[in-house]
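Heads up, the sequence shown is in the numbering used here, so the first residue is 2 and it goes up one at a time. Think of the CB as a built atom: it goes at the ideal place given N, C-alpha and C, for glycine as much as any other residue. Encoded as C-alpha cells, the structure appears first; notes follow it.
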Amino acid sequence: MKTANTLSRNDLCWCGSGKKYKKCHLGQQPKQVASPPQKQQPAKRNIILKNAEQIEGIRKSCQLTKNLLDMVEERIKEGVKTNEIDEWVHKETLANGAVPAPLNYGRGQGRRRMPFPKSICSSLNNVICHGIPNDKALQNGDIVNIDVTCDLNGYFGDASRMFIIGEVPDKTRKLVEVTRECLELGIAQVRPANSLGDIGHAIQQHAEKNCFSVVRDFAGHGVGIEFHEAPQVLHYGQPGTGETLRENMIFTIEPMINVGSYDCKILGDGWTAVTVDGELSAQWEHTLLVTESGVEVLTA
Ligand code: MF3
Ligand code: CO
Ligand code: CO
C-alpha cells in the first residue's frame with residue numbers, strides 16, 4: 002500500500018474531505034511562512050491485536066492463499082497469459098467459499114482512481130507491484146510476481162511469490178533470490194519486543210550489500226480483519242526504532258527490491274507501479290503472526 006508520508010497532489014486530502022490534496026489543504030497553505038508547516042499526516046489508526054477466534058479465521062484464509070499460490074506454481078509457464086492466471090485464482094477462490102480481495106478494491110474510497118479490476122496482481126519485469134493481469138503471454142526470460150489475497154469469512158490472507166519463466170541471466174536470478182532472502186531475514190526479526198525497524202534494517206542491509214535498492218513508496222501492512230491495517234511495515238530503517246512487536250499482531254512483510262534505483266512511478270491506469278529507470282524489480286510476501294516465542298508464517 003502507499004505510505005502515509007508520500008501524499009502527493011492528486012491523492013485524497015488527509016483531512017477526510019474527499020477532495021484531492023491539491024484542491025484542499027495544499028491550496029490552503031499560506032504561500033509564505035517563516036518555517037514550513039508541519040507535514041500533515043492521515044489520522045493514525047490503531048494496531049489490532051487479534052484474539053484466538055480471529056487468528057483461527059485468518060490462519061484458514063492464509064492457508065487458502067498459500068494453496069492458490071501452489072496451484073499457480075504448478076501451472077505457470079511460458080505462453081500462459083496473466084489473465085488466465087487471474088481466472089484460475091478467481092475460480093478456485095470462489096470454489097473455496099472465499100472472495101478475491103483485490104477485485105474492486107478501492108471502490109468507494111473516493112474517485113481518485115478506478116477500483117482494481119482483477120482478482121490478482123501480476124507484476125512483470127520492471128513492474129514493482131499492483132500490475133493488472135492482461136492478455137499478453139509470458140515469455141522466456143520474464144520474471145513475474147503473482148500476489149494473491151483471500152477474504153474468507155471476513156478474514157484476510159495476503160502472499161506473493163516470484164516466478165522465473167524459462168532461462169534468465171544470472172543477475173536476474175540473483176535479484177529474485179536476494180529478494181526472497183530479504184523476506185526471510187525480515188521474518189527472522191519477528192518476535193515480541195523486537196521493533197519494526199529491526200525488520201526494515203535486516204532487509205535493507207541484505208539488499209544493499211548485494212547492490213540492489215529497496216523500494217520506499219510501498220510497505221508491508223497489518224492484515225487480517227481488513228486488507229490493509231496499521232501498522233505500515235517499511236522495508237528499510239534503523240534497528241530499535243518504530244513500533245514494538247507484540248504477541249498476536251498480524252502483518253505482512255513484502256519487500257520490493259530493484260536492480261537500479263528505487264524510484265517508482267504509477268502508470269495511467271492508476272495502479273501499475275513501475276521502476277522509473279526501467280530496470281527489473283522483484284517481490285516476495287508472507288503474512289506473519291507474532292507468537293509468544295517468535296513468529297508463525299501463516300501463508301507458508
Ligand atoms: N496484495 C497487495 C498487497 O500486498 C495489495 C494489492 S491492492 C490491489 O498489499 F488492489 F492492487 F489489489
Ligand atoms: Co500485502
Ligand atoms: Co499482497
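Residue i versus residue j: straight-line alpha-carbon distance, rounded
i	j	result
R262	A283	A small fix is needed here, since residue 262 is Ser in this sequence, not Arg. Distance between the alpha carbons of S262 and A283: 13 Å.
R302	E227	Coverage of the chain is limited to positions 2 through 301, which leaves residue 302 absent and any answer about it impossible.
P37	K45	Unreliable placement is indicated for P37, whose pLDDT of 44 sits below 50; the coordinate value is still reported in the next sentence. About 22 Å.
K172	V73	24 Å
T253	N141	30 Å
D270	S294	44 Å
Q29	V234	Residue placement at Q29 is poorly supported in this model, since its pLDDT is 49, which falls under 50; the coordinates are not used for a value here.
R162	K175	15 Å
N259	C212	9 Å
N6	A96	Bear in mind that the predicted position of N6 carries a pLDDT of just 48, short of 50, making it too unreliable to give a figure here.
E88	N249	34 Å
S124	H287	16 Å
G243	A138	42 Å
T83	D143	12 Å
C151	G225	10 Å
V177	V291	26 Å
L299	K266	31 Å
P116	I133	11 Å
N268	C130	Looking at the sequence itself, residue 268 is Leu, so the reference to Asn does not match. Looking at the two C-alpha atoms, the distance is approximately 11 Å.
I59	Y156	5 Å
V296	I188	8 Å
Q55	G238	30 Å
L70	L153	16 Å
V179	G279	19 Å
Residue i: CB within 6 Å of a non-hydrogen atom of ligand 1
i	result
C151	no
H91	no
F164	no
Y106	yes
F117	yes
H131	yes
P103	yes
P122	According to the sequence shown, residue 122 is Cys rather than Pro. Yes, Cβ of C122 sits closer than 6 Å to a heavy atom of ligand 1.
Bridge-paired residues (DSSP) for residue i
i	result
K266	V275
C151	P101, G158
E221	Residue identity check: residue 221 is Gly in the sequence provided, not Glu. DSSP lists V234 as partners of G221.
Among the options, the one whose alpha carbon lies nearest that of residue i
i	options	result
V207	L184, L268, F157	It is His, not Val, that sits at residue 207 in the sequence shown. For the residues L184, L268, F157, the minimum Cα distance to H207 belongs to L184.
I165	T66, R181, G155	R181
G241	Q64, W285, G198	G198
G302	G111, P116, K61, R113	Any answer about residue 302 is impossible in this case: the structure gives the chain only from 2 up to 301.
L281	F219, G158, N146	N146
V149	L50, D218, Y106	Y106
I86	G58, W285, N135	N135
G158	V128, A102, E54, H91	A102
S214	R113, V277, E79	V277
Heavy atom of ligand 2 within 6 Å of residue i beta-carbon
i	result
T253	yes
D264	no
D71	no
Distance cut-off 6 Å: residue i Cβ against heavy atoms of ligand 3
i	result
D148	yes
L161	Per the sequence presented here, residue 161 reads as Ser, with Leu not at that position. S161: yes, Cβ under 6 Å from ligand 3.
E286	yes
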